[in-house]
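A.B. asks:
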Amino acid sequence: MAAHGTAERQGMTNSMLGFILFLASEVMFFGGLFAAYFIARADAPAWPPPLTPEQIAEGVHLELEVLLPAISTGILVLSSVTMQYAVWQIQKGNQGGMLWGLFISLALGIVFLAAQLYDYTQLHFRADDTIYGTTFYTLTGFHGAHVAGGALFIAVVTVRALGGQFTAENHEAVEASSMYWHFVDVVWIALFTVLYIIK
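Using our numbering, the letters of the sequence shown correspond one by one to residues 2 to 200.
1) Contact defined as beta carbons within less than 8 Å: I believe Val88 pairs with Val175. What is the distance between those atoms, to the nearest angstrom?
2) What do you reckon, are the CB atoms on Leu69 and Gln123 nearer than 9 Å?
3) Would you report the Cα separation of Arg10 and Leu18, rounded to the nearest angstrom?
4) Measuring straight from C-alpha to C-alpha, what distance separates Asp135 and Gly150?
5) Is the beta carbon of Ser81 closer than 9 Å to that of His144?
6) Between Met29, Met13, Thr14, Gln56, which lies nearest to Ala128 when the distance is taken from Cα to Cα?
7) Could you check if Leu103 is buried or exposed, using at least 16 other CB atoms within 10 Å of its CB as the buried criterion?
8) When you compare each of Met29, Leu163, Asp130 to Trp101 by their alpha carbons, which one comes out closest?
9) Going by the beta-carbon positions, is the gap between His172 and Glu27 smaller than 9 Å?
10) Buried or exposed: which applies to Asp130, given that a residue is buried once 16 or more other Cβ atoms fall within 10 Å of its Cβ?
11) Note down, in chain order, each residue of its chain lying with its Cβ closer than 8 Å to the Cβ of Leu192, except the 5 sequence neighbours on either side.
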């Protein structure tokens, strides 16, 4: 009887605990980047900072278009929904539903990355054009790298899912990839708010 009760009270595995601690370190990493941004903004006499005559002559404009990033935000939020759908489906033992959720999430993540790269090509400033350019590209660039890492994570999980490795009782990797994807989603919403809305 005691053994049965112990089995029912099993906590999280060491690998999941390690993954949660990894996510906590990522939260601190982005917290540091946001802090650097707000410090730079507070120290600047104006935001965006004034351009030099040379930068003006080169056609530098510290302006952001909101429409494409807003669409990208919607895409990323939708991918988070489909990722959670994949988790719910495998919890019910529905491997087909899980696969659809993973495929759609991966596709939407790739679309988000493509949109971000395209948006970069439309900007009229570089990372070395004032502290504004430096903080913008640092924040969005690191986030893009994390989205790429998350997409790779989902791709690996999808390959494993195609091999039938997950069941209703054993799907920790699916949940971990979902947690990571929700994390990059929340970070992007914060970035979009700070960089594009509040300005």
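Even glycine gets a Cβ: it sits at the ideal position worked out from N, Cα and C. Since this is a predicted model, take the numbers as computed values, not measurements.
C.D. replies: This is what the structure gives:
1) What you label residue 88 is simply residue 87 of the sequence shown in a count that begins at 1. What you label residue 175 is simply residue 174 of the sequence shown in a count that begins at 1. Contact flag correct, Cβ pair sits at about 6 Å.
2) Here residue 69 corresponds to residue number 68 of the sequence shown, with the count starting at 1. Here residue 123 corresponds to residue number 122 of the sequence shown, with the count starting at 1. Yes; because the gap between Cβ atoms is below 9 Å, this pair is in contact.
3) Reading the sequence shown from its first residue, position 9 is the one you call residue 10. Reading the sequence shown from its first residue, position 17 is the one you call residue 18. Only weak support is given to the placement of Arg10: the predicted model assigns it a pLDDT of 43, under 50, and the value that follows is read from those uncertain coordinates. The alpha-carbon atoms of Arg10 and Leu18 are separated by roughly 16 Å.
4) As a first step, residue 135 must be located in the sequence shown, where it is residue number 134. As a first step, residue 150 must be located in the sequence shown, where it is residue number 149. A small correction: the amino acid at residue 135 is Thr; Asp does not occupy that position in the sequence shown. The straight-line gap from Cα to Cα measures roughly 22 Å.
5) Locating residue 144 in the sequence shown gives position 143, counting from the first residue. Locating residue 81 in the sequence shown gives position 80, counting from the first residue. For His144 and Ser81, no; Cβs fall outside 9 Å.
6) Numbered from its first residue, the sequence shown carries residue 128 at position 127. That would be Gln56, whose Cα lies nearest to the Cα of Ala128.
7) Walking along the sequence shown from the start, residue 103 turns up at place 102. Flag for Leu103 reads buried.
8) As a first step, residue 101 must be located in the sequence shown, where it is residue number 100. Per the Cα distances, Leu163.
9) Along the sequence shown, one-based indexing puts residue 172 at 171. Along the sequence shown, one-based indexing puts residue 27 at 26. Going by C-beta atoms, His172 is not nearer than 9 Å to Glu27.
10) The sequence position of residue 130 within the sequence shown is 129, counting from 1. Per the 10 Å Cβ criterion, buried.
11) By one-based count along the sequence shown, residue 192 stands at place 191. The residues are Leu140, Thr141, His144.
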